[in-house]
Structure formats: C-alpha cells, structure tokens
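Taken in order, the sequence shown gives residues 759 to 879; the numbers are from this note's numbering.
Built from N, CA and C at the ideal position, the CB exists for glycine as well.
Shown next, in structure tokens, is the structure this report addresses.
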Amino acid sequence: MTTDQFSDIAAQEMYREPGAGLELVDVLAQGRAVLGEGRYETLVCAGQVDGLPVLTFTAPWGVMDVEWVPPSAAYVRFLASGLMTAGAWDLEGVASYVAACPGAAGHWSEQAICGLLSEDV
Numbered sequence: 759m760t761t762d763q764f765s766d767i768a769a770q771e772m773y774r775e776p777g778a779g780l781e782l783v784d785v786l787a788q789g790r791a792v793l794g795e796g797r798y799e800t801l802v803c804a805g806q807v808d809g810l811p812v813l814t815f816t817a818p819w820g821v822m823d824v825e826w827v828p829p830s831a832a833y834v835r836f837l838a839s840g841l842m843t844a845g846a847w848d849l850e851g852v853a854s855y856v857a858a859c860p861g862a863a864g865h866w867s868e869q870a871i872c873g874l875l876s877e878d879v
C-alpha cells in the first residue's frame with residue numbers, strides 16, 4: 759500500500775476529505791501520532807517488515823478506558839479463522855485464546871468458537 763493509499767483510507771475512517779496526504783513524520787519518528795480526539799485519529803507504527811514501516815490507526819484512548827462489548831459471531835469467526843490460517847495454533851489453541859480475550863471472555867466459550875470454525879469446513 760502506498761503512502762497516498764494509506765492516507766486516503768485513514769482520512770475516510772477519520773471522516774475527513776480523502777486526497778490530502780497525512781503527515782507521517784511524527785509517527786515514523788516516535789511510533790505514535792495523535793491527529794485528533796476521534797476514533798481512528800491516532801497513528802501507530804507497529805514496527806517494520808522488510809525495512810518498511812507497518813502503520814495503522816486507532817483510537818486515542820486506552821484499552822481499559824472503554825466498556826467491553828461482546829463480539830458478534832461473524833467477528834469471532836473472522837478473528838479465529840485468521841489465527842488458524844497463520845498456523846501457529848491448532849483449533850483448540852485458537853479457541854482457547856479467543857475465548858480468553860477481553861470482550862469475548864465470559865461470552866464466548868471455547869466450544870462455541872470451535873463450533874463457529876467447524877461451520878466453515
């Protein structure tokens with residue numbers, strides 16, 4: 759993805775007009791840049807892959823500053839399927855991990871997550 763493409767996607771998520779490039783100097787130098795107070799107005803550099811920066815955008819508040827909402831079945835399936843595709847864990851390992859994550863914990867059991875993934879087979 760090019761810098762311009764990233765800028766356009768981020769601008770749309772920030773409810774800004776696409777087309778204007780984002781200033782990336784601070785996020786590349788410091789690993790984080792807050793462009794505003796809204797959702798997706800904080801840029802984060804998560805590291806590098808093959809010498810290129812891995813950038814994303816997120817909310818400026820901390821993970822413990824919001825009320826957790828149980829994820830939908832479609833979202834749990836999407837996350838768990840991605841972890842399965844990565845190949846680091848088997849079905850039970852993925853289900854155990856996802857079931858213990860904030861938001862899912864207490865709402866999604868390992869068995870229910872296994873059931874979601876078996877629907878895809």
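Under 7 angstroms between C-beta atoms of P860 and W819: Residue 860 sits at position 102 when you count from the first residue of the sequence shown. Residue 819 sits at position 61 when you count from the first residue of the sequence shown. Not in contact: P860 and W819 (Cβ atoms no closer than 7 angstroms).
Length of the line joining the Cα atoms of G851 and E775: Position 93 of the sequence shown holds residue 851. Position 17 of the sequence shown holds residue 775. The alpha-carbon atoms of G851 and E775 are separated by roughly 42 angstroms.
Residue range of the unbroken beta strand (DSSP E) whose run includes L813: Here residue 813 refers to the residue found at position 55 of the sequence shown. Run containing L813: 810-816, per the beta strand (DSSP E) assignment.
Proximity of L810 and V785 at Cβ, strictly below 7 angstroms: Position 52 of the sequence shown, counted from the first residue, corresponds to residue 810. Position 27 of the sequence shown, counted from the first residue, corresponds to residue 785. No, the pair does not count as a contact, with Cβ atoms beyond the cut-off.
Per-residue burial, A863 [other beta carbons within 10 Å of its own, 16 or more giving buried]: Your numbering for residue 863 matches position 105 in the sequence shown. Residue environment: A863 is assigned as exposed (fewer than 16 neighbouring CB atoms within 10 Å of its CB, all protein chains considered).
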